[in-house]
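Chains A and B are the protein sequences, given in the same order.
Going by the numbering used here, the first sequence opens with residue 95, and the numbers climb by one from there.
Going by the numbering used here, the second sequence opens with residue 95, and the numbers climb by one from there.
A virtual CB, placed ideally from N, CA and C, is assigned to each residue, including glycine.
The structure presented is a predicted model; accordingly, all values stated were derived computationally and were not measured.
Input: a single structure, listed below in structure tokens.
There are 2 protein chains.
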Amino acid sequence: MVEKVDYNNLPKATIKRLPQYYRLFKQLLDENTTRTNSRKISETIGIDAATVRRDFSLFGELGRRGYGYDTKILREFFAHLLGNDVDTYIALIGVGNLGHALLHYPFQRRNRLQIVQAYDVASNPLVGTTSDSGIPVYDIADIKSHLEEDHIETAILSVDTPHAQEVADVLVAAGIKGILNFTPVFLQVPEHIHVQSIDLTKELQTLIFFTINDIRIESDND
Amino acid sequence: MVEKVDYNNLPKATIKRLPQYYRLFKQLLDENTTRTNSRKISETIGIDAATVRRDFSLFGELGRRGYGYDTKILREFFAHLLGNDVDTYIALIGVGNLGHALLHYPFQRRNRLQIVQAYDVASNPLVGTTSDSGIPVYDIADIKSHLEEDHIETAILSVDTPHAQEVADVLVAAGIKGILNFTPVFLQVPEHIHVQSIDLTKELQTLIFFTINDIRIESDND
């Protein structure tokens with residue numbers, strides 16, 4: 095029933111909502127809720143019902159008129175769509191305060207996302223040890239061979255700002271295809287490399303702008 | 095020269111780019127670059143030149159035809175716009191691994207954003223001490239009076255997922271107006287409270303979706 099979708103034509107905003115839909119359907123299934131509809135989805139995750147319907151319609155017939163959405167089917171659909179029906183192994187680069195917190199972050203809780211390797215420069219005393227979260231910390235100079243051992247193509251970048259670009263270059267040379275970038279640097283990478291940035295200062299300043307100007311927006315919590 | 099702008103009519107996407115413009119103009123001024131233009135801005139921060147011009151035009155005449163943008167004027171304009179010409183004090187709620195990392199995060203480096211108080215439940219041994227980053231850690235039960243001491247209206251929420259909503263309720267009751275939410279919970283808050291969410295699992299899943307499907311998007315690094 096599900097039609098072929100050219101993912102390159104999906105709106106970026108829709109793509110960013112996919113993990114929220116996936117989480118919701120997992121939760122509904124846990125609660126033994128067998129079906130739902132766009133209005134209930136909207137109330138639970140704060141994305142308006144018309145947006146939900148429009149997003150879902152991009153993937154063909156996910157629901158049935160008068161029935162709504164079957165949670166089990168949708169959970170499997172989104173799991174597959176997000177590559178979460180297989181394990182994804184991830185490397186963390188930069189074991190400072192933020193990197194250390196990310197090693198402990200429960201990405202893998204109910205998701206098949208696992209940080210399995212960490213890296214830092216040889217001068218970091220953690221290099222050559224196993225972190226308190228059980229993950230080996232390697233010298234970044236050895237990254238290429240270690241990444242290959244675990245077929246890793248995704249990295250989390252949490253190094254200090256001045257080193258961000260040079261480390262990104264190392265990652266690209268070592269075969270990384272996707273970088274979750276926690277530095278505020280606009281990384282220069284080849285076209286086939288994907289970068290998703292989380293800039294904490296930017297988010298905080300955006301929040302303060304909304305707050306001091308008391309701007310009311312569509313409450314999509316994004 | 096700058097016209098009155100109704101911030102409620104600004105596109106949300108524009109608002110989210112304001113901190114990037116601000117950071118750029120600070121950097122340019124540091125480098126003694128006195129003027130710039132939309133093409134150079136685009137190359138440096140990866141937002142396309144037409145978008146830059148459209149964003150800036152929303153604030154009236156920020157530049158001059160044939161001259162471009164004066165970095166000093168623009169830096170001051172964005173500093174004021176983002177409330178960064180005065181100090182903003184912030185409370186951090188939840189001193190676990192992520193909270194601890196956020197206490198050390200350099201929000202205040204070149205920005206007037208400072209975490210000056212931290213909170214956790216009384217059973218956390220850090221409560222009643224000063225954290226290694228020099229910030230007092232208070233019992234969340236005492237939050238209202240402490241927030242008032244430092245005129246704090248902004249909070250960073252980094253508690254465990256199951257406690258997110260109940261703690262958000264406490265924050266609202268204590269007078270917090272803006273919440274930077276690091277939990278994956280869609281917080282139910284009154285209409286006058288602003289929530290900006292950073293959902294690390296969602297960002298990682300979005301990156302993986304882009305990577306496994308090799309989706310090329312406008313490289314705005316966002």
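C-alpha gap between residue i and residue j, whole angstroms
i             : j             : result
residue 314/B : residue 287/A : A caution first: residue 314/B carries a pLDDT of 46, below 50, which makes its placement in the model unreliable, though a value can still be read off. Cα to Cα, residue 314/B sits roughly 13 Å from residue 287/A.
residue 256/A : residue 199/B : 15 Å
residue 299/A : residue 161/A : 43 Å
residue 307/B : residue 127/A : 31 Å
residue 239/A : residue 202/A : 24 Å
residue 310/A : residue 290/B : 12 Å
residue 176/A : residue 124/A : 19 Å
residue 82/B  : residue 99/B  : Any property of residue 82/B remains undetermined from this structure, which presents chain B solely from 95 to 316.
residue 188/B : residue 172/B : 31 Å
residue 205/B : residue 294/A : 12 Å
residue 179/A : residue 101/A : 18 Å
residue 151/B : residue 104/B : 11 Å
residue 221/B : residue 156/B : 48 Å
residue 241/B : residue 174/B : 24 Å
residue 270/B : residue 249/B : 7 Å
residue 212/B : residue 262/A : 33 Å
residue 281/A : residue 134/A : 39 Å
residue 183/A : residue 130/B : 42 Å
residue 226/B : residue 209/B : 13 Å
residue 303/A : residue 147/B : 20 Å
residue 138/B : residue 274/B : 27 Å
residue 219/B : residue 231/B : 10 Å
residue 233/A : residue 268/A : 13 Å
residue 120/B : residue 169/A : 45 Å
residue 207/A : residue 252/B : 21 Å
residue 264/B : residue 215/B : 12 Å
residue 272/A : residue 305/B : 6 Å
residue 163/A : residue 106/B : 30 Å
residue 244/B : residue 285/A : 47 Å
residue 145/A : residue 165/A : 18 Å
CB contact below 8 Å: residue i versus chain A
i             : result
residue 153/B : no
residue 271/B : yes
residue 307/B : yes
residue 119/B : no
residue 178/B : yes
residue 187/B : no
residue 257/B : no
residue 297/B : yes
residue 125/B : no
residue 238/B : no
residue 284/B : no
residue 278/B : yes
residue 302/B : yes
residue 248/B : yes
residue 229/B : no
residue 251/B : no
residue 109/B : yes
residue 165/B : no
For residue i, the three-state DSSP class (helix, strand or coil)
i             : result
residue 103/A : helix
residue 299/A : helix
residue 210/A : strand
residue 220/A : coil
residue 183/A : strand
residue 204/A : coil
residue 129/A : strand
residue 232/A : strand
residue 288/A : strand
residue 154/A : strand
residue 163/A : strand
residue 191/B : helix
Contact with chain B by residue i, beta-carbon distance below 8 Å
i             : result
residue 394/A : This structure does not reach residue 394/A, given that chain A is present from 95 up to 316, and the question cannot be answered.
residue 131/A : no
residue 310/A : yes
residue 134/A : no
residue 260/A : no
residue 101/A : yes
residue 128/A : no
residue 182/A : yes
residue 267/A : no
residue 143/A : no
residue 113/A : yes
residue 208/A : no
residue 290/A : yes
residue 195/A : yes
Residue i: CB within 7 Å of a non-hydrogen atom of the ligand SAM
i             : result
residue 273/B : The ligand SAM is absent from the structure shown, which contains no ligands of any kind.
Residues in the stretch 214-225 of chain B with C-beta within 8 Å of chain A's C-beta atoms, listed in sequence order? Residues of the stretch 214-225 of chain B with a C-beta less than 8 Å from any C-beta of chain A: none at all.
Could I get the ranges of all uninterrupted alpha helix (DSSP H) runs contained in the stretch 239-284 of chain B, with 4 residues as the minimum, in chain order? The stretch 239-284 of chain B contains these whole alpha helix (DSSP H) runs: 258-267.
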